[in-house]
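Residue numbers (my numbering), protein chains in the order written: chain A, -10 to 214; chain B, 42 to 266.
Shown next, in structure tokens, is the structure this report addresses.
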Amino acid sequence: MTAEHEGILIQIQNVSKGFEGRPVLRHLTVSFPSGRIIGLLGTNGIGKTTLLSVIGGLMEPDEGQVTVTGKSAWLPEPENFYPFFRVRDAIQYYRDFFDDFDACRADQLCREYGLEASQKIARMSRGQKERLCLFLTLCRNVPLYLMDEPAAGFDPRLKRDMVKILLENLREGSTVLVATHLLRDLGELLDTVAILTENGIVLEDADAIRETGKSIEEYYLEVVQ
Amino acid sequence: MREIKTVAKWELRMRLYDNRIIWPLIGAVLVLHALLPVPKGWESSGGMSLSGFSGLLTGPSLLLVLLCLYQIVLYPSISLLGDMGKPWHVLEQMACRSAARTAAVRIFVTFFFSAAAVAALYLDSWFLRRFWTATTTYLTITADVPDMLQMLWFGGVAYPVTALAAWQTACLWFSRKWPRRAAGAVLFLLALYLHNLAWHIGAGVSGFAADAVLTALFFVAAVKL
């Protein structure tokens, strides 16, 4: 990712969101730069998924404004697919609904990684399903990819695979906002760290953290504690 | 129009999957009753002397009636309200589409299942007429065209009006603006009142017209929204 791509991609102004009277996001204001892989970190229940959903347009904020320059692609969970879906149905669904979807690329990636078009998604292994979800997301030509805890619960080999697929297929200049706890596995990927706390969000350049000799995980623990 | 066609395609596929067991069963009963030859002596005995054969008529017919009633009465509610409660599947939320238009497509697609179930009941009744016995009387329907049209109207038109009420209820759930809530509540009550009134007074042309106007209004609103 080069500096020339950098600008403001996501602007969040005074956004609040709660569920059944319980506030989750409180008057959050932050801007995310473009062309970077941003790790959205925070303790369980702090509102990472809610923030991603609000940015992705899956939820409306109770108040405040979210501005995203261009479209975004959300990494689906395998459970989001209809029960009758085969690999080819999932690709066709994306082709039908998303003008920016590159179906040829998706077919090619599926073949490369051993996913057959006729395979029923419900009968695939967890790793295969996650791979397919990642292919479908990355084959959309959008400036922003939103990922909520990808590779959670994976064995080390699958995690390495996910990182490899992500690095090989991410379009230059695009931004990834990834909510994760897997700092040891995905920490090296991050350009920017965004730590969501009860008092707001702490944004820091990942290289600046590394230059201090700390790992992303150590920095995160410092902020949270 | 392209969006409506695409939504209709996937909505139909989902519903075909939902009913993947029911319709082959209905088809099997119809084929059985269509192909059964009338046994010798059946007419003179009034159908009473061959109780085993009589069972071949009544058993599957009862199954068919139960399945068709499920399709006409229960499935539309399950199909519509089940989807609207969330209100939308995550996969659908990702693909931006008009919620009202999707609801209209859902009602239209589900209507075909209701109408086909009514048609199946009449078709079975027509096949059973060859046996002229009391076997068909438990259905309390006759295979005349006006009666069938009335049933189709009930299954096909009365249902969308109920769905309109359901849609208004859904609007109440996911709209936070009080004028829209109030308008939704008034429309919901009005739709239910007119619908119930139309069927309570024995319908006739005015009852049908009330349902038709409500349904047309809903579809126009859905396409415009």
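All C-beta atoms, glycine included, are put in the ideal place defined by N, C-alpha and C.
Inter-residue CB distance, T151 (chain B) and P117 (chain B) (contact presumed, cutoff 8 Å): On the second sequence, residue 151 (chain B) is found 110 positions in, with the first residue counted as 1. On the second sequence, residue 117 (chain B) is found 76 positions in, with the first residue counted as 1. Right, their Cβ atoms sit about 5 Å apart.
The segment 34 to 51 of chain A contacting the segment 124 to 142 of chain A, beta-carbon criterion three pairs below 8 Å: yes
Could you tell me whether the Cβ of R170 (chain B) comes closer than 8 Å to any Cβ of chain A? Stepping through the second sequence from its first residue, residue 170 (chain B) is reached at position 129. R170 (chain B) does not count as touching chain A.
Given a threshold of 16 other Cβ atoms within 10 Å of its Cβ, counted over all protein chains shown, does A141 (chain A) qualify as buried or as exposed? Taking the first residue of the first sequence as position 1, residue 141 (chain A) is located at position 152. The residue in question, A141 (chain A), is exposed, as its Cβ has fewer than 16 Cβ neighbours within 10 Å.
Just how far apart, CA to CA, sit K153 (chain A) and R160 (chain A)? The residue labelled residue 153 (chain A) in the question sits at position 164 within the first sequence. The residue labelled residue 160 (chain A) in the question sits at position 171 within the first sequence. Near 14 Å, if we compare the C-alpha coordinates of R160 (chain A) and K153 (chain A).
Beta-carbon within less than 8 Å of P72 (chain A)'s beta-carbon, same chain only, minus the 5 sequence neighbours each way: which residues are those? Counting from one through the first sequence, the residue named residue 72 (chain A) turns up at place 83. Excluding sequence neighbours, P72 (chain A) sits near A111.
Shortest alpha-carbon distance to Y209 (chain A) belongs to which of A:H16, A:L172 and A:G10? The residue you call residue 209 (chain A) lines up with position 220 of the first sequence. Looking at the Cα atoms, A:L172 is the closest of the given residues.
Using beta carbons (cut-off 8 Å, strictly below), is P72 (chain A) in contact with chain B? Translated into positions along the first sequence, residue 72 (chain A) becomes position 83. Chain B contact via Cβ: present.
According to DSSP, residues forming a beta bridge with W63 (chain A): By 1-based counting over the first sequence, the position of residue 63 (chain A) is 74. Paired residue(s): A:L135.
The segment 58 to 71 of chain B: which residues have C-beta closer than 7 Å to a C-beta of chain A, in chain order? Y58
Pull out every residue of the segment 87 to 106 of chain A whose Cβ sits closer than 7 Å to any Cβ of chain B, in chain order. So the list reads F87, given in the order they occur along the chain.
Can you name, in chain order, every residue of its own chain whose Cβ lies under 7 Å from the Cβ of G70 (chain A), other than the five neighbours on each side? Start at 1 with the first residue of the first sequence, and residue 70 (chain A) comes out as number 81. First, the amino acid is wrong: residue 70 (chain A) is Phe here, not Gly. Same-chain partners within the cutoff: A79 and I110.
Where L(-2) (chain A) falls, given that 16 or more other Cβ within 10 Å makes a residue buried: Walking along the first sequence from the start, residue -2 (chain A) turns up at place 9. Burial check for L(-2) (chain A): the Cβ neighbour count within 10 Å reaches 16 or more, so the residue is buried.
Does the Cβ-Cβ distance between V167 (chain A) and P145 (chain A) come in under 8 Å? As a working mapping, residue 167 (chain A) is identified with position 178 in the first sequence. As a working mapping, residue 145 (chain A) is identified with position 156 in the first sequence. No.
Nearest chain B C-beta to Y134 (chain A) closer than 8 Å, yes or no? As a first step, residue 134 (chain A) is located in the first sequence; it is residue number 145 there, counting from the start. With 8 Å as the cut-off, Y134 (chain A) does not count as an interface residue toward chain B.
Rounded to the nearest angstrom, how far is the Cβ of L30 (chain A) from that of A183 (chain A), given a contact under 8 Å? Walking along the first sequence from the start, residue 30 (chain A) turns up at place 41. Walking along the first sequence from the start, residue 183 (chain A) turns up at place 194. L30 (chain A) to A183 (chain A), Cβ: 7 Å. Contact.
In the DSSP output, which residue or residues are listed as bridge partners for T186 (chain A)? As a working note, residue 186 (chain A) is residue 197 in the first sequence. For T186 (chain A), which the question treats as bridged, DSSP gives the partners A:G189.
Counting Cβ pairs closer than 8 Å, one from the segment 6 to 18 of chain A and one from the segment 48 to 63 of chain A, do we hit at least three? With a cut-off of 8 Å, the segment 48 to 63 of chain A and the segment 6 to 18 of chain A count as touching, because enough Cβ pairs lie within range.
Against chain B, does R67 (chain A) count as a neighbour if the rule is that its beta carbon must be under 8 Å from one of theirs? Your numbering for residue 67 (chain A) matches position 78 in the first sequence. At residue 67 (chain A) the sequence reads Pro, which differs from the Arg that was named. Chain B, which has no Cβ nearer than 8 Å to the Cβ of P67 (chain A), makes this no.
Pull the bridge partners of E52 (chain A) from the DSSP assignment, please. Taking the first sequence and counting its residues from 1, one reaches residue 52 (chain A) at position 63. Beta-bridge pairing links E52 (chain A) to A:S5.
Note down, in chain order, all residues in the segment 75 to 87 of chain A with a beta-carbon under 7 Å from any beta-carbon belonging to chain B. For the segment 75 to 87 of chain A, which is checked against every Cβ of chain B, the residues closer than 7 Å are Y82, D85, F86 and F87.
Step through the CB atoms of chain A and report whether any lies within less than 8 Å of the CB of W167 (chain B). Here residue 167 (chain B) corresponds to residue number 126 of the second sequence, with the count starting at 1. It does not: the Cβ of W167 (chain B) has no partner Cβ on chain A nearer than 8 Å.
Just confirm the distance between the C-beta atoms of F74 (chain A) and A136 (chain B), as a whole number of angstroms; I'd bet it's less than 8 Å. The residue you call residue 74 (chain A) lines up with position 85 of the first sequence. The residue you call residue 136 (chain B) lines up with position 95 of the second sequence. At roughly 14 Å, the Cβ-Cβ gap does not stay under 8 Å, so F74 (chain A) and A136 (chain B) are not in contact.
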